[in-house]
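To start, the structure itself, in structure tokens.
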Amino acid sequence: MKTIIATDAAPGAIGPYSQGVFAGSLVFTSGQLPLDPATGTFPEGIEAQTRQSLKNVRAILEAAGSGMERIVKTTVFLQDMNDFAAMNTVYAEFFAGGGAPARSAVQVARLPRDARIEIEAVAVL
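Numbering (the numbering used here), first residue to last: -14 to 110.
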């Protein structure tokens, strides 16, 4: 059985998908672009875009009754791998104190709305 997760604290889906789903004891977020849910715009720069994407992931997890400390795996999609170090610095802020999840980071040809980053996560409840 699966349950759909929806929250106004993260951007709404821009296609036929859910912000997140939980099934059993796992929560899956859809890839989160760096859209500010209040304005629908991207902040400038990879640091701010990374921060906003992770805030969106956090909002979805919290709506599901989970949280950042319960993430077991993330996937980071970068428009330019040259942004990796700057992304990594901001990413580390969200997982300070140890216990960072497993992660993959890949460069992609293009992201929706020409974002510089998209992040998805799998967490436990």
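Ideal Cβ placement from N, Cα and C applies to all residues, glycine included.
According to DSSP, residues forming a beta bridge with residue i
i  : result
G5 : I(-10), T14
Enclosing alpha helix (DSSP H) for residue i [first to last residue]
i   : result
A71 : 69 to 79
Coil, strand or helix - residue i by DSSP
i     : result
I(-1) : coil
A87   : strand
E105  : strand
Beta carbon proximity, residue i to chain D, threshold 7 Å
i    : result
R101 : Going by chain labels, chain D is absent from the structure shown, which holds only one protein chain.
- Segments of 3+ residues assigned as beta strand (DSSP E) that fall wholly inside the segment 35 to 64: Uninterrupted beta strand (DSSP E) stretches at least 3 residues long and entirely within the segment 35 to 64 occur at 56 to 63, given in chain order.
- Inter-stretch contact at 8 Å, needing at least 3 Cβ pairs: the segment 77 to 95 / the segment 17 to 34: No: the two stretches stay apart, fewer than three of their Cβ pairs being nearer than 8 Å.
- Just checking, does the segment 60 to 67 make contact with the segment 41 to 50 on the three C-beta pairs under 8 Å criterion? Fewer than three Cβ pairs drawn from the segment 60 to 67 and the segment 41 to 50 lie within less than 8 Å of each other, which leaves the two stretches out of contact.
- Between the segment 4 to 13 and the segment 68 to 82, are three or more C-beta pairs nearer than 8 Å? Note that the segment 4 to 13 does not touch the segment 68 to 82; fewer than 3 beta-carbon pairs, one per stretch, sit closer than 8 Å.
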